[in-house]
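Q: For reference, the structure I am asking about is given below.
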Amino acid sequence: MPESHAMAAHQFDDLEQQREAASLGIWVFIATEIMFFGGLFTGYTVYRTQYFASFVAGSHLLDLKLGAVNTAVLICSSLTMALAVYAAQTGKRKLLILFLIFTMILGTGFLGIKFVEYATKYHHHLIPGFNFAPEGVYPPQMQLYFCFYFAMTALHALHMIIGLGLLAALVIMAGRGRFTPESHNPVEAIGIYWHFVDIIWIFLFPLLYLVGGR
Amino acid sequence: MSTLSVEEPEQAESRVHYLNVHYGVKSWLLTTDHKRIALLYLASITLFFLVGGSAAVLIRMNLLTPTGLLVEPATYNKLFSIHGIVMVFFFLIPSIPAVLGNFLVPLMIGARDLAFPKLNLLSWYVYIVGGLFTLYAVIAGGVDTGWTFYAPYSSTYSNTHVMAAALGVFITGFSSILTGLNFIVTIHKMRAPGMTWFRLPLFIWAMYATSVIFILGTPVIGITILLIALERAAHLGIFNPALGGDPLLFQHLFWFYSHPAVYIMILPAMGVESELITCFSKKRIFGYSFVAMSSLAIALLGFLVWAHHMFVAGVSMYAGMVFSILSYLVAVPSSVKVFNWTATLYKGSISYEAPMLYGMGFIGLFSMGGVTGMFLASLGMDVHVHDTYFVIAHFHYIMVGGAVMAYLGGIHFWWPKISGRMYPEGWARFSALIIFLGFNLTFFPQYILGYLGMPRRYPVYPPEFQVLNVMSTAGASILGVGYLIPLIYLIWSMRYGPVASSNPWGAKGLEWQAPSPPPTDNFEETPVVTAQAYDYPSREVEVA
Amino acid sequence: MPPGIPLAPPQASTFAPGVDHLFLFLLGVTGSVAILVFVLIFIFAVKYRRRSPDEVPPRVHETMFLEVAWIGIPFLLMLVMFGWGAEIYYEEFHPPPGSLEIFVVGKQWMWKLQHPEGKREIDELHVPVGRPVKLTMTSEDVIHDFFIPAFRIKKDVLPGRYSSLWFEATKTGTYHFFCSQYCGTNHSEMKGWVVVMNPAEYQQWLSGGAGGETMEQAGARLFQKLACTNCHRSDNSGRAPTLVGVYGRPVKLVDGSTVMADDAYIRESILRPAARVAAGYQPIMPTFQGQVNEESILQLIAYIKSLKIPESPERMKAAP
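Residue numbers (the working numbering), protein chains in the order written: chain A, 33 to 246; chain B, 260 to 803; chain C, 69 to 388.
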């Protein structure tokens with residue numbers, strides 16, 4: 033059984049070449065992702081410099097506790113993902129499935145908390161273009177802050193959702209015994225992707241929640 | 260001379276190759292063979308070329324008279340917008356990379372396919388979906404923002420189908436990203452034994468540099484266009500000054516991609532040119548490493564010059580100066596290539612088949628476009644000619660005179676490999692000549708129009724500009740005919756052309772070791788490379 | 069070229085000869101390099117044409133000298149192109165002091181111009197010959213661009229900020245100006261004429277017609293009408309800072325930073341008063357967005373500019 037799965041695809045000479053190609057492929061993809069988020073980070077930086085007071089005011093309306101909890105949840109999910117990759121490398125199938133499911137639970141938890149945060153923003157009328165009408169006096173460019181808050185976190189959440197789908201696919205493939213210590217490129221690649229999504233959040237958290245000190 | 264494996268027609272018909280291995284629409288739409296995907300791209304970009312070209316014809320017709328011969332200004336604005344969007348995003352950017360690149364990258368490095376064949380097919384479907392959005396925008400009533408989508412006009416003021424067109428461009432971007440990713444991995448990991456980096460054909464170097472831009476540039480325009488769509492849907496104020504947004508930020512982000520995008524069009528053309536010049540002068544390229552490295556230099560420096568599109572847009576004086584000098588820096592590697600091509604011809608054995616005629620036309624037109632770029636990089640000069648027909652002429656010389664000439668040259672050069680048939684040589688030379696003449700007659704007068712001060716995107720213009728506009732339109736009609744001739748004879752030759760041998764030009768390069776057309780796995784056995792690129796035989800003579 | 073087609077627009081400003089000389093320099097240098105390349109290609113193509121199919125060309129040895137030469141020499145030439153162009157650009161950014169100021173508002177699809185003396189015009193610009201003129205420009209909607217080919221000058225006109233350009237006309241006559249940044253359906257109709265007149269004629273033109281009210285006076289009237297005086301009192305006794313002498317001076321803000329009280333700051337304070345509040349005051353000023361258009365704002369700025377602190381103690385005594 034493992035031999036038939038361990039065949040390289042027809043365009044590759046051997047499994048080693050296939051593994052190297054998959055690994056380089058995912059890193060190149062990460063480079064493109066960095067530039068994708070980079071556009072938003074640039075816009076954020078420009079407006080934060082220009083309208084610092086508005087960004088501080090907007091940041092102070094976020095729930096720091098939920099943000100911090102979410103950061104912790106996501107870091108834990110990176111750990112379980114790393115353990116899952118290790119399990120794949122050492123050929124421990126049950127452990128692999130277990131850690132993948134842990135990672136999915138943590139990822140779903142992150143999205144759940146994010147949903148609670150979004151719901152609060154909805155109740156406080158803080159969603160630009162939808163119901164932006166905060167109470168009281170607020171600096172004029174606070175809406176811009178929330179534009180970037182939602183654009184950046186929503187894009188991040190979209191990456192999380194895609195990641196969860198990929199993890200689910202991995203669980204199914206692992207259940208069918210598709211991975212061996214020699215051949216588990218998808219686990220490695222999706223692992224790298226998952227860590228990347230985490231790192232994006234590690235940048236988003238201070239940029240969005242900790243503007244101007246709390 | 261390498262020994263040519265000349266096949267009898269019957270043999271070619273009976274041999275199994277990538278074209279006859281399967282039949283039926285499904286075998287094409289579900290193929291993962293890089294050669295078939297290249298043909299899918301060839302058909303689709305030709306379709307988009309016809310759409311963009313028809314818009315160009317109507318634009319030039321309308322400009323025959325100062326008051327606009329055919330259409331209302333609102334329609335004219337939609338015509339030039341669709342011309343720009345379709346030609347840039349759906350023809351020029353995928354032209355050489357997605358057609359010739361897809362076909363040739365594995366063949367030239369001695370691989371059986373690209374590293375990720377399914378991803379390759381996916382990228383074509385993504386391209387088609389993006390194209391359908393854009394075609395929907397055209398059919399539903401058009402879009403009038405120009406291909407540049409400048410805010411706040413596109414985000415707040417235009418009443419046309421900006422959303423569909425923007426999403427089309429956004430989606431198509433992913434097609435470029437997937438293609439670039441595939442090429443980078445393939446070139447890194449799948450070269451045949453002995454194919455070291457400095458034995459790679461220069462076309463591969465060019466594709467590699469192009470892929471870097473695909474990977475690093477395309478996502479930025481993706482997110483920017485997405486922000487425009489968001490701003491349009493929800494009036495967020497990201498680029499709207501009334502809400503504190505900055506329209507110049509849009510221009511910075513837009514040009515951060517769209518200037519390198521010009522190099523996406525011209526770098527592959529330069530790669531094709533290096534193949535043509537060497538083959539038809541039977542010479543090793545002069546200064547291989549300089550030509551190869553200049554591709555990388557262009558790709559990297561190309562990311563540092565975007566604000567030269569904004570000298571009069573309201574950037575600071577010092578920003579203007581920095582971007583001016585950086586723009587001159589990127590001109591150096593381009594001129595290095597031209598000089599090396601010229602030197603390659605020296606003491607060569609030069610023949611004038613149609614691909615070489617296109618290749619020589621390329622050098623001429625690209626040089627004309629390149630030197631006028633130096634006018635535009637000079638700040639005081641740019642202030643006068645910016646946003647006039649001078650700029651239009653400049654970038655058409657690069658993108659049409661340069662990129663399209665090379666694309667056609669490449670299509671003719673590799674046509675025997677692609678189709679297994681020869682194109683009719685006489686017609687091909689004739690059309691190369693017609694295109695060269697028609698092109699110059701169309702766009703040279705536009706340099707003068709620009710210096711006289713005729714702004715771009717004007718359906719109605721002061722009468723003193725009419726004579727030059729009429730000349731330009733006359734040229735355009737010749738150019739249009741010139742482009743139709745190859746379309747007809749190439750289709751004709753697929754069935755009736757003489758059967759081609761595996762290496763009709765006596766060219767070096769692994770792609771010519773495979774049969775014409777190649778089998779699905781390209782090579783019967785993996786080739787081993789022992790020599791440098793363009794290792795044409797030469798005799799040693801004492802240097803005088 | 070057929071006779072009768074000019075190759076360049078008329079030279080009618082102090083910039084025009086410089087730009088034309090730069091153009092000829094660029095044409096000369098790049099043209100000769102391009103022609104050299106074309107001639108070489110032509111000669112090689114003829115001289116080294118393939119005479120027999122199995123011809124073997126001689127080996128040509130590459131020399132580092134050539135590569136360095138054709139990297140270095142073009143680059144040095146390009147440095148000259150850069151320097152020359154930058155010099156003109158520098159001048160274009162520095163209007164001479166004492167330039168005549170004219171205010172331009174672009175909107176889809178017309179140009180509205182105001183002279184400080186109160187004369188207003190649409191799609192026409194009258195200026196005196198031989199005197200530097202500075203245009204301060206803004207847009208009511210999208211990005212436009214003010215382009216005068218005969219003066220070799222243009223600048224984008226953006227909404228929400230002021231951009232400026234200057235020129236000094238050298239020849240009387242009538243010249244085109246265009247909008248050269250695409251701005252929508254009737255972009256190509258957004259053009260007009262610059263009329264360059266003798267100073268005397270210009271004075272006559274300025275005082276002719278109706279009007280009578282200068283921009284400063286119109287601004288003063290608006291200042292009363294919008295009830296700005298209720299808070300911005302001249303003796304600094306109101307709930308808002310006095311505006312006398314504020315123009316062109318640094319203003320301390322609540323967050324401790326300072327800002328130069330220029331056109332842009334005054335404009336922002338009228339439209340988005342809470343954005344940057346002066347130190348020592350509450351953010352109580354309402355926005356005037358929607359109540360004033362770009363032209364009125366320019367008039368208000370002209371008025372605030374005119375509120376100068378008397379220059380010397382002598383004059384203060386003279387005018388109690």
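Beta carbons: idealized from backbone N, C-alpha and C, even for Gly.
Within 7 Å of any Cβ in chain A, is that where the Cβ of C:A347 sits?
A: Answer no: the Cβ-Cβ gap between C:A347 and chain A never drops below 7 Å.
Q: Please go through the same chain and pick out, in chain order, the residues whose beta-carbon is closer than 7 Å to the beta-carbon of C:A370, but skip the five residues on each side of it.
A: P184, M283, E284 and G287.
Q: Which of helix, strand or coil does DSSP assign to A:G244?
A: The answer is coil: DSSP assigns A:G244 none of H, G, I, E or B.
Q: For C:E390, report the span of its beta strand (DSSP E) as first-last.
A: Summary: the structure shown does not reach residue 390 of chain C, with chain C confined to residues 69 through 388, and so no result is reported for it.
Q: Give the straight-line distance between the Cα atoms of B:N762 and B:Y547, rounded to the nearest whole angstrom.
A: Their Cα atoms are separated by approximately 23 Å.
Q: Could you give the distance in angstroms between the alpha-carbon of A:A189 and the alpha-carbon of B:K676?
A: Roughly 47 Å separates the two Cα atoms.
Q: Counting only Cβ pairs nearer than 9 Å, list the residues of chain C close to A:A165.
A: By Cβ distance, chain C contributes nothing, its closest Cβ being about 16 Å from A:A165, past 9 Å.
Q: Is there a Cβ of chain F sitting closer than 7 Å to that of C:A342, yes or no?
A: The structure shown contains no chain F; its protein chains are A, B and C.
Q: Comparing alpha-carbon positions, which option in C:F110, C:F245 and C:K320 lies nearest B:Y605?
A: That would be C:F110, whose Cα lies nearest to the Cα of B:Y605.
Q: Just checking: is the beta-carbon of A:A63 within a distance shorter than 7 Å of some beta-carbon in chain B?
A: Yes, contact with chain B.
Q: Less than 7 Å between CB atoms is the rule here; does B:A374 satisfy it with respect to chain A?
A: True, the Cβ-Cβ gap to chain A drops below 7 Å.
Q: Roughly how many angstroms lie between the CA atoms of A:F87 and C:H89, to the nearest whole one?
A: So the two alpha carbons sit approximately 50 Å from each other.
Q: Rounded to the nearest angstrom, what separates C:K376 and C:T310 at their Cα positions?
A: Taking the straight line from one Cα to the other gives about 11 Å.
Q: In terms of alpha-carbon separation, which member of B:Y384, B:L328 and B:G360 lies closest to B:W287?
A: Nearest C-alpha to B:W287: B:Y384.
Q: Examine chain C for any beta-carbon lying closer than 7 Å to the beta-carbon of A:P213, and answer yes or no.
A: Cβ-Cβ to chain C under 7 Å: no for A:P213.
Q: Which two residues bound the contiguous beta strand (DSSP E) that contains C:S231?
A: Counting along the chain, the beta strand (DSSP E) containing C:S231 begins and ends at S231 to E236.
Q: Quick check: the Cα distance between A:Q50 and B:T445, rounded to an integer number of angstroms?
A: Cα to Cα, A:Q50 sits roughly 11 Å from B:T445.
Q: Taking all protein chains shown into account, do 16 or more other C-beta atoms lie within 10 angstroms of the C-beta of C:W234, making it buried, or fewer, making it exposed?
A: Buried is the call here.
Q: Is it buried or exposed, B:W456, if we count other Cβ atoms within 10 angstroms and call 16 or more buried?
A: Exposed, because fewer than 16 other Cβ atoms sit within 10 Å of the Cβ of B:W456.
Q: From B:I472 to A:I133, what does the alpha carbon distance come to, in whole angstroms?
A: B:I472 and A:I133: Cα-Cα distance of roughly 37 Å.
Q: Using the beta-carbon of each residue, which ones in chain B are nearer than 7 Å to A:M67?
A: L475, P478 and V479, listed in chain order.
Q: By alpha-carbon positions, which one of B:V358, B:W406 and B:G405 ends up nearest to B:Y386?
A: For the residues B:V358, B:W406 and B:G405, the minimum Cα distance to B:Y386 belongs to B:V358.
Q: Please report whether the beta-carbon of C:D88 lies at a distance below 7 Å from any beta-carbon of chain B.
A: C:D88 does not count as touching chain B.
Q: Distance cutoff 7 Å, beta carbons only. Does A:G1 sit that close to anything in chain B?
A: Here chain A comprises residues numbered 33 to 246, so residue 1 of chain A is not present and cannot be evaluated.
Q: Measuring alpha carbon to alpha carbon, tell me which residue in B:M627, B:H643 and B:A759 is nearest B:S678.
A: When each option's Cα is compared against that of B:S678, the closest is B:A759.
Q: Hey, quick one: how far does the beta strand (DSSP E) through C:H265 stretch, first residue to last?
A: Residue 265 of chain C is actually Met in this sequence, not His. Run containing C:M265: K259 to M265, per the beta strand (DSSP E) assignment.
Q: Helix or strand or just coil, what does DSSP make of B:T404?
A: Coil, per DSSP.
Q: Is there contact between the region 155–175 of chain C and the region 188–199 of chain C, where contact requires at least three CB pairs shorter than 8 Å?
A: These segments touch.
Q: Using the beta-carbon of each residue, which ones in chain B are nearer than 7 Å to A:G70?
A: Chain B residues near A:G70: V479.
Q: Please tell me whether C:S248 and C:T204 are closer than 7 Å, where the distance is taken between their beta carbons.
A: Cβ atoms of C:S248 and C:T204: not closer than 7 Å.
Q: In angstroms, rounded to a whole number, what distance separates the CA positions of C:E159 and B:M580?
A: C-alpha separation (whole angstroms): 13 Å.
Q: Taking Cβ to Cβ, would you say B:G453 is nearer than 7 Å to B:T789?
A: Yes, Cβ-Cβ distance for B:G453 and B:T789 is below 7 Å.
Q: From the DSSP secondary-structure annotation, give me the bridge partner or partners of C:D213.
A: According to DSSP, C:D213 bridges with C:D224.
Q: Would you check if the distance between the CB atom of B:H293 and the CB atom of B:P365 is smaller than 7 Å?
A: Going by C-beta atoms, B:H293 is nearer than 7 Å to B:P365.
Q: Can a CB atom of chain C be found closer than 7 Å to the CB of A:P172?
A: It does: the Cβ of A:P172 has a partner Cβ on chain C nearer than 7 Å.
Q: Counting only Cβ pairs nearer than 8 Å, list the residues of chain C close to B:A554.
A: At residue 554 of chain B the sequence reads Ser, which differs from the Ala that was named. Ordered by position in chain C, no residue passes the 8 Å Cβ test against B:S554, which lies about 15 Å from the chain.
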